[in-house]
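Residue numbers (the UniProt record's numbering): 1 to 214.
C-beta atoms are modelled at their ideal positions from N, C-alpha and C, and glycine is treated no differently.
Given the structure is predicted, the values throughout are model-derived calculations rather than measurements.
One structure is given here, and the rest of the page talks about it.
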């Protein structure tokens, strides 16, 4: 059976805070048993004619002031609504600057306090993405979000940071496709945390409707 293909989109040349260098190798290694990963900063790969060749789009886009071009936005929305899979990691939510994409994502970033040790807890027992994942701690940027009230989503994880408890990972359907957001991923060391690695694999498999090999 032909291996599934993922496109990891981020920023090598002009990232604002989170370069794709190093992260690309980590994600490729994490998913190597599940699918091949192509890494790029070329936003034109979001055009419909290019995205159609991939089973999964992974966003690590780090452009907080810009906005995805209208044709690229249309390609992304068409891809996911037509049955494609989208996995957004940490700063990848910066695509929210276009309201159409914010609705696709199910929420938008509103800010964060300084990085600190966070306690993560599963909020959706029984969901395939969090299967085998228990309480864990990580040093991370504690992103805060505003949810879109129009989309039904399953909150997968919450974190506690001394100021309260906050949702930090969710999944939902969009048309015939599936979308997952995972908050961790601030820098390369984040990807060495075993629970996070497991979440990435299981998110990719859930989003692409891939069954685990026994």
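When 2, 24, 15 are compared against residue 8, the one with the closest alpha-carbon: Of the candidates 2, 24, 15, the one whose C-alpha sits nearest the C-alpha of residue 8 is 24.
Report yes or no: do the segment 133 to 144 and the segment 109 to 119 share at least 3 C-beta pairs separated by less than 8 Å? Yes: at least three Cβ pairs fall under 8 Å.
Under 7 Å, do residue 130 and residue 156 count as touching if we go by C-beta distance? Closer than 7 Å, so yes.
What does DSSP give as the partner residues of residue 7 in its beta bridges? 38, 57.
Exposed or buried, which one is residue 214 when buried takes at least 16 other CB atoms within 10 Å? Note that residue 214 scores a pLDDT of 40, beneath 50, so its modelled location is shaky; the value from the coordinates is reported in the next line. By the neighbour-count definition (other C-beta atoms within 10 Å, threshold 16), residue 214 is an exposed residue.
Return the residue from the list 152, 64, 174, 203 that minimises the CA-CA distance to residue 18. Checked all of 152, 64, 174, 203; the closest Cα to residue 18 is 64.
In whole angstroms, give me the CA-to-CA distance for residue 12 and residue 20. Rounded to whole angstroms, residue 12 to residue 20 spans 5 Å at the Cα level.
Straight-line Cα distance separating residue 37 from residue 104: Distance between the alpha carbons of residue 104 and residue 37 is about 23 Å.
Bridge partners - residue 140, DSSP secondary structure assignment: DSSP lists 116 as partners of residue 140.
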